[in-house]
Amino acid sequence: MKTRSTFFSKFLSKGRSCVFLCLALSSCATYQNKVHDSRLLLEQGQYEQAIEKLKPLAEKADGDQLVYLLDYATALQMSGRYDESNRAFLKADQLSEALDYHSVTRITGAALTGEEAVQYKGDTFERTFINAFLALNFLQMGKLDDALVEARRINEKYLKLRGEDKKSYELNPFAKYLSALIWEADQKWDDAYIAYQRSLQVRSIDSQSSRRSYSLS
Amino acid sequence: MSKPMNDSKTRTSFAALSALMAILFLSSCGPKAFVKGQYDDVNRENLLNDQWSETDMQVVVKALVDSMVAHPSIANAKTPPVLMVTKLQNKTSEHIDTQSIMDMVRVELTNSGKVAFIDKEARQDVSDEYDYQNTGMVSEESKKGPGGQTGADFIVNGRLDSIVQEVGKDKSVYYKLTLNLTNLKTTVITWTNQKQIRKTFKKKTIGL
Numbered sequence: 081m082k083t084r085s086t087f088f089s090k091f092l093s094k095g096r097s098c099v100f101l102c103l104a105l106s107s108c109a110t111y112q113n114k115v116h117d118s119r120l121l122l123e124q125g126q127y128e129q130a131i132e133k134l135k136p137l138a139e140k141a142d143g144d145q146l147v148y149l150l151d152y153a154t155a156l157q158m159s160g161r162y163d164e165s166n167r168a169f170l171k172a173d174q175l176s177e178a179l180d181y182h183s184v185t186r187i188t189g190a191a192l193t194g195e196e197a198v199q200y201k202g203d204t205f206e207r208t209f210i211n212a213f214l215a216l217n218f219l220q221m222g223k224l225d226d227a228l229v230e231a232r233r234i235n236e237k238y239l240k241l242r243g244e245d246k247k248s249y250e251l252n253p254f255a256k257y258l259s260a261l262i263w264e265a266d267q268k269w270d271d272a273y274i275a276y277q278r279s280l281q282v283r284s285i286d287s288q289s290s291r292r293s294y295s296l297s
Numbered sequence: 141m142s143k144p145m146n147d148s149k150t151r152t153s154f155a156a157l158s159a160l161m162a163i164l165f166l167s168s169c170g171p172k173a174f175v176k177g178q179y180d181d182v183n184r185e186n187l188l189n190d191q192w193s194e195t196d197m198q199v200v201v202k203a204l205v206d207s208m209v210a211h212p213s214i215a216n217a218k219t220p221p222v223l224m225v226t227k228l229q230n231k232t233s234e235h236i237d238t239q240s241i242m243d244m245v246r247v248e249l250t251n252s253g254k255v256a257f258i259d260k261e262a263r264q265d266v267s268d269e270y271d272y273q274n275t276g277m278v279s280e281e282s283k284k285g286p287g288g289q290t291g292a293d294f295i296v297n298g299r300l301d302s303i304v305q306e307v308g309k310d311k312s313v314y315y316k317l318t319l320n321l322t323n324l325k326t327t328v329i330t331w332t333n334q335k336q337i338r339k340t341f342k343k344k345t346i347g348l
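Residue numbers (this note's numbering), protein chains in the order written: chain S, 81 to 297; chain G, 141 to 348.
Put into structure tokens, the structure is as follows:
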């Protein structure tokens with residue numbers, strides 16, 4: 081008695097090759113491949129071409145939209161288009177809040193196919209960097225009130241992450257320091273003092289515990 | 141008739157295959173957009189996300205306008221006082237259009253019939269128009285010319301504050317709108333009031 085029907089074995093062999101083809105195509109173009117050209121263009125100062133390349137990637141609503149959106153927004157900032165950069169950063173901010181979960185399906189998929197299957201959620205400190213970049217853009221446009229709103233957002237995120245007992249680098253001391261500068265620009269000395277003190281606290285915990293310097297470059 | 145599922149090797153490979161196919165098919169099928177809309181009642185409570193909503197604006201403005209109109213300096217005035225709207229300071233952690241809130245305040249107060257407003261935003265346009273009218277192009281009778289504007293009696297300004305508390309899956313957002321009616325001559329605050337609202341939220345999966 082045949083233990084395997086001929087139809088089924090044909091299906092398996094054809095199906096297997098088809099499936100592996102699909103998998104190969106889906107993980108073919110990694111993030112590095114897709115942004116490599118844009119990165120080179122940005123380094124050479126050719127901002128407009130880099131923006132053109134990044135724009136379709138940033139607008140495609142798939143699992144990895146966040147990372148391309150961040151690159152697109154940063155490229156716009158480098159080219160001086162602060163208003164558009166802010167719109168992209170605000171969208172990235174919303175997206176990073178919504179994606180703050182672990183998808184069981186995708187993690188299982190990643191175990192079988194590759195890391196590309198997992199959505200890009202952004203590191204904890206990266207999510208605060210979005211607000212820091214927004215603040216920098218608003219300051220460039222001379223909008224101190226909007227920069228203050230971002231300083232308050234940074235503070236909210238800092239308190240939330242501190243409540244979740246995150247590591248010191250995840251509390252993003254740079255963003256806290258930036259918020260202190262913004263408070264000082266608004267002549268709110270008390271808020272500035274508190275923010276300076278907190279950013280120093282976070283920074284010194286890091287250097288004491290891990291002896292790794294958190295470089296701002 | 142052979143039974144393919146009896147063989148353990150076939151079973152595992154079929155299981156692995158179906159798992160892989162399931163993962164591939166779990167990605168979205170086809171482009172999506174918001175279509176087929178329908179009009180909604182603007183006065184219905186609408187708290188779709190955890191940001192400042194139009195319902196919040198309607199609630200706070202209505203409460204404060206009712207309070208201001210009931211105050212003796214407005215209600216018992218012999219002639220309608222002339223007001224001017226200046227800045228509403230945004231001290232929240234959201235990018236809220238405070239000019240939109242002050243526009244609503246101005247509309248509601250004007251509709252009450254108890255006060256009049258002067259237009260601060262139009263000043264530059266009006267000044268340009270005066271310059272043009274004085275060039276000789278405009279007839280003498282219809283010239284408006286400088287010196288005819290009404291001086292305001294009061295200024296309306298205010299501040300919007302918020303306190304956000306977020307722990308785990310619970311979030312509470314508290315807003316407080318404070319408005320002041322300041323006498324332009326004496327800078328005495330004739331009337332001031334606040335309206336507080338708090339919204340609570342729970343973190344939920346948003347289906348796509």
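Beta carbons are placed, not taken as given, at the ideal position from N, Cα and C, and that holds for glycine.
- [ ] Would you decide whether F218 of chain S is buried or exposed? Buried here means 16 or more other CB atoms lie within 10 Å of its CB.
- [x] buried
Task: Between the CA atoms of A260 of chain S and I274 of chain S - distance to the nearest angstrom - done: 8 Å
Open item on the list: Please state the DSSP three-state secondary structure of Y181 of chain S.
Closed with: coil
Open item on the list: Suppose contacts are defined by Cβ-Cβ distances below 8 Å. Is L430 of chain G in contact with K339 of chain G by that definition?
Closed with: Residue 430 of chain G falls outside the range modelled here, since chain G spans only 141 to 348, and no answer is possible.
Open item on the list: Within the continuous beta strand (DSSP E) that includes E306 of chain G, where are the two ends?
Closed with: 294-307
Open item on the list: My output table needs one value for T332 of chain G: the three-state DSSP class, helix, strand or coil.
Closed with: strand
Task: Local conformation of A227 of chain S per DSSP, three classes - done: helix
Task: Min CB distance K256 of chain S to chain G below 8 Å - done: no
- [ ] Would you mind giving the Cβ-Cβ distance between L156 of chain S and A172 of chain S, rounded to the nearest angstrom? I have them listed as a contact below 8 Å.
- [x] Not confirmed; about 12 Å, so no contact.
Open item on the list: Can you list, in chain order, the residues of its chain with a C-beta nearer than 6 Å to that of A168 of chain S? Leave out the 5 residues immediately preceding and following it.
Closed with: L149, Y152, A153
Task: Beta-carbon spacing of V115 of chain S, T232 of chain G below 8 Å - done: no
- [ ] Quick one: grab the DSSP three-state call for A255 of chain S.
- [x] helix
Open item on the list: Taking 8 Å as the threshold (beta carbon to beta carbon), is V147 of chain S in contact with chain G?
Closed with: no
Task: Closest by C-alpha distance to D301 of chain G, when choosing among G:A203, G:T238, G:E194 - done: G:T238
TODO: Please report the Cβ distance between Q244 of chain G and L228 of chain G, rounded to the nearest whole angstrom; I am assuming they are in contact, meaning their Cβ atoms lie under 8 Å.
DONE: Just to set this straight, residue 244 of chain G is Met in the shown sequence, not Gln. With a Cβ gap of about 11 Å, M244 of chain G and L228 of chain G do not count as contacting.
- [ ] With K114 of chain S as the anchor, note down where its alpha helix (DSSP H) starts and where it stops.
- [x] 111-123
Task: Exposed unless 16 or more other CB atoms sit within 10 angstroms - verdict on W269 of chain S - done: exposed
- [ ] Give the straight-line distance between the Cα atoms of K237 of chain S and T208 of chain S, rounded to the nearest whole angstrom.
- [x] 7 Å
TODO: Could you tell me which of S:P136, S:S159, S:D225 sits nearest to Q267 of chain S, measuring between CA atoms?
DONE: S:D225
Task: Proximity test, Cβ basis, 8 Å: I214 of chain G and chain S - done: no
Open item on the list: I want to verify the contact list: residues of chain G whose CB lies under 7 Å from the CB of R233 of chain S, in sequence order.
Closed with: S233
Task: Partner residues on chain G for E264 of chain S, Cβ-Cβ distance less than 9 Å - done: The premise fails here: E264 of chain S is roughly 17 Å from chain G at the closest Cβ pair, so nothing lies under 9 Å.
Task: K213 of chain S classed as buried or exposed, judged by whether at least 16 other C-beta atoms fall within 10 angstroms - done: A small fix is needed here, since residue 213 of chain S is Phe in this sequence, not Lys. When all chains shown are included, F213 of chain S counts as buried.
Task: Secondary structure of S158 of chain G, DSSP reduced to three states - done: helix
TODO: Could you give the DSSP three-state label for L170 of chain S: helix, strand or coil?
DONE: helix
Task: As assigned by DSSP and simplified to three states, the class of I337 of chain G - done: strand
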